[in-house]
Every structure is written in structure tokens, then in C-alpha cells.
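So the protein sequences, as listed, match chains C and W.
For the first sequence, the residue numbers in the numbering used here are 19 to 355.
For the second sequence, the residue numbers in the numbering used here are 19 to 355.
Heads up: the structure comes next, in C-alpha cells.
2 protein chains.
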Amino acid sequence: MARKNIPQRSRSYESDDEERGACEWCEYALVITLATILLIGVSALTVFWVVYYRESYGWADDIPEKQFNLHPTLMVAGFITFSGFSILLYRICRCFRRIYVKLLHAIFHALAFPCIVIGFLAVLDFHNKKGINNFYSLHSWIGFVAMGLFGLQYAVGFFSFLLLLICSKGTASFRASLVPIHASFGILTFVLGVCACLTGLTEKALFTLGAERYSGLPDEAVIINVIGVTTVAITAVLMYILARDKFRPQLRDRRISERDILVAADRGHCDQRHRRVGGGRRHLGAVHGSRNWRIPHPQGRATPQLNNTTPLCDWLTNRTLERGDIYQIPAKRRNAL
Amino acid sequence: MARKNIPQRSRSYESDDEERGACEWCEYALVITLATILLIGVSALTVFWVVYYRESYGWADDIPEKQFNLHPTLMVAGFITFSGFSILLYRICRCFRRIYVKLLHAIFHALAFPCIVIGFLAVLDFHNKKGINNFYSLHSWIGFVAMGLFGLQYAVGFFSFLLLLICSKGTASFRASLVPIHASFGILTFVLGVCACLTGLTEKALFTLGAERYSGLPDEAVIINVIGVTTVAITAVLMYILARDKFRPQLRDRRISERDILVAADRGHCDQRHRRVGGGRRHLGAVHGSRNWRIPHPQGRATPQLNNTTPLCDWLTNRTLERGDIYQIPAKRRNAL
């Protein structure tokens, strides 16, 4: 077919694309603004509630309730605001280098960490001072699991995705296989944090206002309910962002498609020496940020293998592409070109 | 390259694939079994709790509490068990035809519908009999939004994905664009149901046991907490299933890849007549369940358009392929082959 006969059509597609791009940026800006307002708003509202209705904060005071007040404030800040920003920034940062996005993700979780620890100690000390049992309620059970998961995720994430970069090539396979697990458990930790927040607010409303006053819906009850509803709204917005493939920076910015990789394989950018040494499979390395293909080093570790049926770009979407990563493509599939 | 020189290698990939397939099926069976046990278990546990500790059920009885007991039981059955099975079956059914999976999805939601309505009426009537205000608590606010979303989702889903099949071809574009919205709001409705369940259990524990007895963690408190934890576990398992691309039936069973479609386009399976009539874009129709490509009817409605950069299989993953659906591929992209 004569491909040079359609220059005007090509232009019209480009303008189509630009229009789509503008719409997409509008949605992108709108969703980020909404998420930011909600994430800051929920913490601001909690501080307002405590300062205006609950006698503000204190520690080692003669009023243990002031110490307790640190618990909702710091837990909302740690589990919702900072963790929410961390998830949001990791997913939406399109312009920075991957390592900076990772550092930002780690920094926001590092800010959440002391909030959660101090928030936990505040309620533990309050319970001990008042002679109340620990870990009896549904709220405390969910909160305990959420804290455990948060700590585990932080340790695993820091070790695997930052420390192991010292030996980037040797650990690429391990890190790539860990990404979907870390992401799933991260979202689960956030949802558990939200559940703990909602059950905690319900407990607090019934403990301090009592069933009778709560059912009259005084101003304070409205504030407590609005904090809960804001938390639910944050979950909805974050779920929307996570579900939208358009917000994923990986494939979009790097423009690596199945065709790119298979064509590169077909053009002989394969490691013939490695094929002879390692036997069986042919290897292909992808250098991110460009369309150059790298012949992997024979000492490179074995990497996640693609089977004969999964579409390659689906498979890549669930993995973090790193400079120097090596992907195996079965010869059968490569030969199908 | 001499492709016939590697028969042994090809075999080894096939056995690799079979092994991977067996592992995948193991994971598939394990996750489904776990989800089924948890989904049935949470309802069974709620019935046990009510019958054993809360004087069983009743309606228009002299004990309004018996009527209230219908509320947690039916809401857990509707929002968690039936809705959970509906989501689960929609995602994991690989062997049935798409229309049967849709019907199964609709039937399970149809079972959830009366549960939610009767569960809501039970608590409304109980409140009125006891002179308690309605819609004051965080639990009721979240529950109200969840019920509203459930009704809206059912109406939109039934109308769009079942009734509009009467005019399958003309509504393909509309239905395809609705799928991600319906899925996102469906998951949000489920999460809201879980949040309502957890806040409701916390309220119930504090209302009936009281703060003092609850903190002593008697048997009934443990049962209530375990119901809550089971609900959280169901959320975790369902999130895992939804996050796993392997559990998606669409692309896997139909084996439609970007390459299939672009190659078909390259081989001239394009609607030349339509190109002349409709101008601009070239069309390509995909008949699901086979590798046959159909020349679309010129009267076919305009369909969602792929831009020049999104990987096609990503784009297809977010859409429901239906017999006779037509997809537009920009000439520029097609020419890039």
C-alpha cells in the first residue's frame, strides 16, 4: 500500500492526539488537586477537632486525655496523609527520574513512620495510665495488623528498592519480581489504615459523646463523621488513580512496546555468546529512556521469563524497568515474528 | 535464521509453559478456595453469632432486637457474601461464554439486592419502634452511600450490559467505554460495604456489650472481632485477585495480541470501502474466540479510537471484547509496521 499518499490524514491524527493529551492533562491536574486537598484536609480537620473540642494536646500531663489526642491526629497523618501522598507521588510523577520518585516515596513513608510510632505509644500509655485493657477491640486488631504490615513494607522496600541498587544488575530480577507484591501489600496497608481510622472514629464518638448525644448529631459528631467520610473519599480518589493506566508513568514515558522489543530481537540484537553459554533461551536487554538495545553481559543473573502467550506489554506493565534490566523472550515467540 | 534447527529447545519451552501453567492453576484453585471459604464463612459466623448470643431473628415481634438482628445478617450476606461472589465469578470464570458470566454476575447481585433492602428496612423499623434517630452515625452515612451506589450500579449494569445487547452492534462503543467506570465504582461499592460492616460491628459491640465488658474480651466480643477480621481478609483476597492480570479471562482466552491485530491490518484485512466512505481512519473488526478478522459493516457506529502511543494490548485489556466489535487503528500506527 502507498503509505506516502496520506500526509493530511497523518496530520489530523496528530491534532486528535494533542486534543486527547489536553483532556488527559486536565483530568490529571483535577484528580491530583482533589487528592491533595482531601489528604491535607483530613489532617487539618482532625487537628481542628482536637484543638476546638478535645482540649488540645499534652504528654505526661495531669489530663491523660490530652495525651490520647495525639493518637487520632498522628495516626491520620501517618496512615492517611503521608502514606496517601507517598502512593500518589509514586504513581503520578511523570517528569522525574525513577530514583528521585523512589526517594520521594521513601521520604513520605519516613515521615509517616514516627507519626505511627508516637501515635501508638500515646494510646498505649493512655490505656496503661487509665487501667484500660490493650488490644481488645476490632479497631485495635485491624490497627495492629496495619502497623505490622507498614513496618514490614518499609523495611522490605528500603532494603530491596534502594539499598540493593548498590548491586543493580545482580538484583534486577529479584527487585522486578518484588514490585507487584510490594504494590499489592502497600495498597492493602493503606486500606487497613482507613478501616482502622473509621472504626477508631466510631469508638471515639461513642466513648466521648455517648450513644445518646451522638444520635442528636451535635457539631462535634458532624466533624467526626466528616473526617470519616473524607477518609473514604481519599480511598475512592486513590483507587481511581491506581486503576487508571494513563496515570502510570512506566510504559507511557518510555514508549517501550512489544513491537520495539521483538523487532530489536529480530534484528539480531541478541547475545549469541550467551545463547551458546547459557543454552536454551535468547536474551535481550532493554535500556530505559531510549530506544537503544543492549546486549546483556553473560554474567547477568537469570531474569523473569515471559511465556508464549502473555502479551509482552501487559507483562512489562507489572514490572519496573531499570537501566540494565534483562528480559528473556522464548525463542519460539521471537521466531513467530 | 534457521528456525528448524531448534526443535528440542521448542519442546523445552513447551514443558516450561506446562509447568508454569500447572503452578498457575494451583494458585488459581487455592485463591478461589480461600475466597469461597471466607465469603461463606463470614455469613455463617454472623448467623451463628445472632442465633447463639443475640436471641435469633423475628419481625413484628414484642422484642424489636430480634428484628434488628436481620440487619447485620442480611447486610453481610448482601454487601459481602453475594457481592463478593459476584465480583469473584466475573473475574475468574475462564471456561464459560461471556454472556453466561455476565448473567452469573447479575444473578449474584440480584440475590444481594433483596438482602440489602430488607436489611435496611429492618434497622429503619427497629429505630422507629425504639425512638432512635436515623442517619446520625458514621456507619449510617457510609452505609447510605454504599446502598445508593449499589442501586445505581445495578440499574446501570443491567441496562447497559444486558438490555442493550438487543442492539449489540450499535451500542458496542458505549458499552465498551462504560466497562472501566462500572468496574471502578463496583470495587468502590464493595469497599464501602466493608467499611460500613466494620463500623457497624464496632457500634454493635459497644451498644450491646458496653465498653467495660467489651474490653474484657468475652466470647461474643471475640466472635464480633473475628467477623470483622474475616471481612478484611476477604477484601485482601479480592484485591489480590483483581490485581493479578493472570486471573483476567479476556486476553488470555482469546489470545488477541497487538501483533495479531496489526498483522491482520498489514495483510490488507481493511475495509477499503469504508475508508472511502467514512474517510480518515482504517477500520478493523475483531471476532472474539477465533483468529478470524472481519471487515466491519460500513453502517457500524464509530468506536473508541486508539492513539499513536498506547500499547494496543493495554488498551484492549481495559475493554470488553464482544462479537462484532470494531476497533479503529490510526493509519499512522498501522503504517509503522
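Here a beta-carbon is modelled for each residue, glycine too, at the ideal position from N, C-alpha and C.
Sequence-distant residues of the same chain with beta carbon closer than 7 angstroms to residue i, five excluded per side
| i | result |
| --- | --- |
| Val163 (chain C) | Leu210 |
| Leu219 (chain W) | Ile242, Ile245, Gly246 |
| Phe131 (chain W) | Tyr172 |
| Gly137 (chain C) | Leu88, His89, Leu92, Met93, Gly96 |
| Lys120 (chain W) | Phe179, Leu180 |
Cβ of residue i within 8 angstroms of any chain C Cβ
| i | result |
| --- | --- |
| His157 (chain W) | yes |
| Met165 (chain W) | no |
| Gly246 (chain W) | yes |
| Phe225 (chain W) | yes |
| Leu106 (chain W) | no |
| Ala47 (chain W) | no |
| Glu83 (chain W) | no |
| Val209 (chain W) | yes |
| Thr54 (chain W) | no |
| Leu216 (chain W) | yes |
| Leu235 (chain W) | yes |
| Ala173 (chain W) | no |
| Ala78 (chain W) | no |
Any chain W beta carbon closer than 8 angstroms to residue i
| i | result |
| --- | --- |
| Thr253 (chain C) | yes |
| Ser195 (chain C) | no |
| Asn1 (chain C) | The first residue shown for chain C is 19 and the last is 355, placing residue 1 (chain C) beyond what the model contains. |
| Gly161 (chain C) | no |
| Val250 (chain C) | yes |
| Val141 (chain C) | no |
| Tyr232 (chain C) | yes |
| Tyr154 (chain C) | yes |
| Met93 (chain C) | no |
| Ser202 (chain C) | yes |
| Val68 (chain C) | no |
| Glu146 (chain C) | Before going on, a small fix: residue 146 (chain C) reads as Asn here, not Glu. No - not a single Cβ of chain W is within 8 angstroms of the one on Asn146 (chain C). |
| Leu63 (chain C) | no |
| Cys213 (chain C) | yes |
| Glu238 (chain C) | no |
| Ile241 (chain C) | no |
| Ala40 (chain C) | no |
| Thr220 (chain C) | yes |
| Ala130 (chain C) | no |
Inter-residue CB distance, residue i and residue j (contact presumed, cutoff 8 angstroms)
| i | j | result |
| --- | --- | --- |
| Gly96 (chain W) | Gln85 (chain W) | Actually they do not touch by this definition, with Cβ atoms about 17 angstroms apart. |
| Val94 (chain C) | Val60 (chain C) | 6 angstroms |
| Pro223 (chain C) | Ala239 (chain C) | At residue 223 (chain C) the sequence reads Ala, which differs from the Pro that was named. The pair is a contact, with the Cβ atoms about 6 angstroms apart (cut-off 8 angstroms). |
| Thr217 (chain C) | His123 (chain C) | The Cβ separation is near 27 angstroms, so there is no contact. |
| Leu256 (chain W) | Ala53 (chain W) | 7 angstroms |
| Leu260 (chain W) | Tyr154 (chain C) | No, Leu260 (chain W) and Tyr154 (chain C) are not in contact; Cβ-Cβ is about 33 angstroms, not under 8 angstroms. |
| Ala214 (chain C) | Gly161 (chain C) | 4 angstroms |
| Leu167 (chain C) | Phe126 (chain C) | That belief does not hold up - the Cβ atoms of Leu167 (chain C) and Phe126 (chain C) are roughly 17 angstroms apart, past 8 angstroms. |
| Ala229 (chain C) | Phe225 (chain W) | 6 angstroms |
Contact set for residue i: own chain, Cβ-Cβ below 8 angstroms, skip 5 residues either direction
| i | result |
| --- | --- |
| Met165 (chain W) | Ile134, Phe138 |
| Phe192 (chain W) | Ser178, Leu182 |
| Val174 (chain C) | Leu196, His200 |
| Leu57 (chain C) | Ile98, Thr99, Gly102, Phe103, Leu106, Ile252 |
| His10 (chain C) | Past the boundaries of the shown model lies residue 10 (chain C); chain C is included only from 19 to 355, so the question cannot be answered. |
| Phe114 (chain C) | Leu122 |
| Leu142 (chain W) | Asn152 |
Beta-carbon contacts of residue i that lie in its chain and below 6 angstroms, excluding the five residues immediately before and after
| i | result |
| --- | --- |
| Ser101 (chain C) | Ala130, Phe208 |
| Phe265 (chain C) | Arg109, Ile110, Ile259 |
| Ser308 (chain C) | For Ser308 (chain C), the predicted structure reports a pLDDT of 29, less than 50, and the residue's modelled location is therefore unreliable. The matter cannot be settled from this model. |
| Cys41 (chain C) | none |
| Leu170 (chain C) | none |
| Leu63 (chain C) | Ile245 |
| Tyr46 (chain C) | none |
| Tyr71 (chain W) | Glu238 |
Listed by chain order, chain A residues near residue i by CB distance under 9 angstroms
| i | result |
| --- | --- |
| Tyr258 (chain W) | Within the model displayed, chain A is absent; protein chains C and W are what it includes. |
Legend entry - Stretch pair the segment 195-206 of chain C + the segment 173-182 of chain C: three plus CB contacts closer than 8 angstroms: yes
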